[in-house]
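In what follows, a structure is listed as structure tokens, so that the remarks can point back to it.
Protein chains in written order, with our numbering: chain A, 462 to 783; chain B, 40 to 298.
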């Protein structure tokens, strides 16, 4: 069976959800093997097995862990050369896309980023679907040179278990000095919230200009917490300093595709829509009935968010308690 | 210090963008072209680093004639000169080909530091900085939110999903910057006047010794199979809040099994 390499995203033991999604996707076209960079492969192995990784190629040690991006691409390129896989799937995170870019150059292969679906083309090769220009157009593309390198957006498919062996093997790639040109001297972790990571979250609640100030974002956070959701913000809100930049959803921020997206006090400029239009279900709360965001709404409430949001939060709490 | 900022002209993100039916390429003619917004931060950072450390800022653009307008704007912000790679043979190039062509130009201009925006707002791939570094064989640091140069030493804070990393590398290098790194300046009247006299070097494929068969749509490593407008979302239910808007919203969420 054709082998498909999946670069595992993890934090030193815990496998990120997107990796289970990529393994699920890869199983439709061949036999997935995970590639694990850094420590913690033993701890992550169980999850990789659950979602169908036949093998886990591991590269660990200071050489790969203390340097940025290039070592990961070098390990993958070495594996591509040795194993000739049908494709390499990588999560379309900022770093994932950089790895994809380098790998494409190293292997002389075409690269497609931000795929939301993969299908088999007429010739049996992979066809990747992308949603572009803020979700206005759906494009199907294929790689016609080299080993397809495809960065897949988190939350694009549902992860489905299908147990496999996940046998651990060393990746067996010697790094060059060039891969060690960029050294990490310190890792600074921002204050971690208890909320799910924005791009991974199944539900996202975002606030915009209508929220009015930083203090009022507490309302958005409470609503998010009642749903176990991540909190996002429009550019208007982050530019005004009401909420940190890293939570910005939109063209110049993060792109999310959750099951449910709640836009609160957000008018829906195209910049914002570019980051959330592919959400499965969209709910809108806005006092302006003319706001363009209502065009996307599966359910919309025209009203004052300071009335509607607390009532909604209370009602969710009441229903969840029952 | 020789700083080169890679800049792309893109369709204005406020306009409706479409693909051309005949060759599936972005329709650039029917919309206003502007400097990729994320590149404005790269230009600003280049100008600040040159002001602090001495040196020159060169704008590098690949694109059609029309991109010349954006080059003038970048020069009016304060960049010293520009290189415009312009050749019909480049049309339809993918990221792999674009990075090869730009790397070739950079080999000619030389550089201590190449700065890019984190992605273009049209293609949104976010791969070019990594590809350029790979091709040029120099260190690369992406998504920088703070950059310091000390002699040939580069210190960068690089944004990650969890926070940031402090990174050290040595020049020459390629970096990309995120939008929170600075506040791009507006061109001053003086800057706009001065920009008219600044040199713009135009280069063709032949000037670079690139084979037209290696670039452009026909030999791209990726191809568009088909595209379609997303079917409009089904019109949703919109209710006016008469004191029970929150409850109605909760009912919808319950019906959809979210709660």
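We put the CB at the ideal spot given by N, CA and C, even for glycine.
Being a predicted model, the structure only gives us computed values, none of them experimental.
In the displayed model, residue 179 (chain B) falls within a strand according to three-state DSSP. DSSP places residue 493 (chain A) in the strand class (E or B) of the three-state scheme.
Contact between the stretch 163-172 of chain B and the stretch 80-98 of chain B is absent: fewer than 3 CB-CB pairs across the two stretches fall below 8 angstroms.
Per DSSP, residue 591 (chain A) is one residue of the beta strand (DSSP E) stretching across 587-593.
According to the DSSP assignment, residue 292 (chain B) belongs to the alpha helix (DSSP H) that extends over 284-294. If you draw a straight line from the Cα of residue 175 (chain B) to the Cα of residue 572 (chain A), it is about 19 angstroms long.
Rounded to whole angstroms, residue 471 (chain A) and residue 505 (chain A) show a C-alpha spacing of 8 angstroms.
From the listed residues B:248, B:71, B:56, B:73, the smallest Cα separation to residue 65 (chain B) is found for B:56.
When Cβ-Cβ separations below 9 angstroms define contact, residue 478 (chain A) makes no contact with chain B. Contact annotation: in the stretch 644-657 of chain A, residues whose CB is within less than 9 angstroms of a CB in chain B are 644, 645, 646, 647, 648, 649, 650, 651, 652, 653. Closest option to residue 264 (chain B), judged by alpha-carbon separation, among A:599, A:536, A:675, A:725: A:599. If you check each beta-carbon in the stretch 759-781 of chain A against every beta-carbon of chain B, the ones closer than 9 angstroms belong to 759, 760, 761, 762, 763, 764, 765, 768, 769, 770, 771, 772, 773, 774, 775, 776, 777, 779, 780, 781.
Going by C-alpha positions, residue 705 (chain A) is about 10 angstroms away from residue 675 (chain A). Here residue 81 (chain B) is not near residue 227 (chain B), since their CB atoms are 9 angstroms or more apart. For residue 116 (chain B), the enclosing alpha helix (DSSP H) begins and ends at 106-116. Each residue's CA atom was taken as its position, placing residue 727 (chain A) and residue 634 (chain A) some 49 angstroms apart. Contact note: residue 567 (chain A) reaches chain B through 173, using a C-beta cutoff of 8 angstroms and chain order.
In the same chain as residue 490 (chain A), and ignoring 5 residues on each side of it, the C-beta atoms closer than 8 angstroms to its own belong to 463, 465, 547, 548, 579, 581, 587, in chain order. If you look at residue 250 (chain B), you'll find it isn't in any alpha helix (DSSP H); DSSP assigns it neither H nor E.
Rounded to the nearest angstrom, the gap between the Cα atoms of residue 201 (chain B) and residue 657 (chain A) is 12 angstroms. Residue state for residue 569 (chain A) is assigned as coil, using DSSP reduced to three classes.
Each residue's CA atom was taken as its position, placing residue 501 (chain A) and residue 473 (chain A) some 5 angstroms apart. Close CB contacts of residue 596 (chain A) within its chain, under the 6 angstroms cut and outside five residues either way in sequence, are with 738, 739 (chain order). Restricting attention to beta strand (DSSP E) runs no shorter than 3 residues, the stretch 190-259 of chain B encloses them at 192-198, 202-209, 212-216, 239-242, ordered along the chain.
Within chain B, no residue has its CB atom less than 8 angstroms from the CB of residue 734 (chain A), the nearest being about 10 angstroms off. The residue among A:551, A:669, A:616 with its C-alpha nearest the C-alpha of residue 752 (chain A) is A:669. The beta carbon of residue 71 (chain B) sits closer than 8 angstroms to those of 50, 51, 54, all from its chain and outside the five residues before and after it, given in chain order. Among the residues of the stretch 196-212 of chain B, those with a Cβ less than 9 angstroms away from any Cβ of chain A are 196, 197, 198, 199, 200, 201, 202, 203, 204, 205, 206, 207, 208, 209, 212, in the order of the chain. Residue pairing from DSSP places residue 709 (chain A) in a beta bridge opposite A:694. In this chain, the beta strand (DSSP E) harbouring residue 611 (chain A) covers 610-613. Around residue 61 (chain B), no beta-carbon contact reaches into chain A at under 8 angstroms, the shortest distance being about 15 angstroms. Proximity of chain B to residue 575 (chain A) at the Cβ level (cut-off 7 angstroms) is accounted for by 163, in chain order. For the stretch 595-607 of chain A, the set of positions with a beta-carbon nearer than 7 angstroms to some beta-carbon of chain B reads 596, 597, 598, 599, 600, 601, 602, 603, 604, 605, 606, 607 in chain order.
Using a 10 angstroms sphere on the CB of residue 712 (chain A), the tally of other CB atoms reaches 16 or more, which defines it as buried.
Taking 7 angstroms as the cut-off between beta carbons, the residues of the stretch 255-286 of chain B near chain A are 260, 261, 262, 263, 264, 265, 266, 267, 268, 269, 272, 275, 276, 277, 278, 279, 280, 284, 285, 286, in sequence order.
Nearest neighbour of residue 241 (chain B) by Cα position, chosen from B:278, B:122, B:250, turns out to be B:122.
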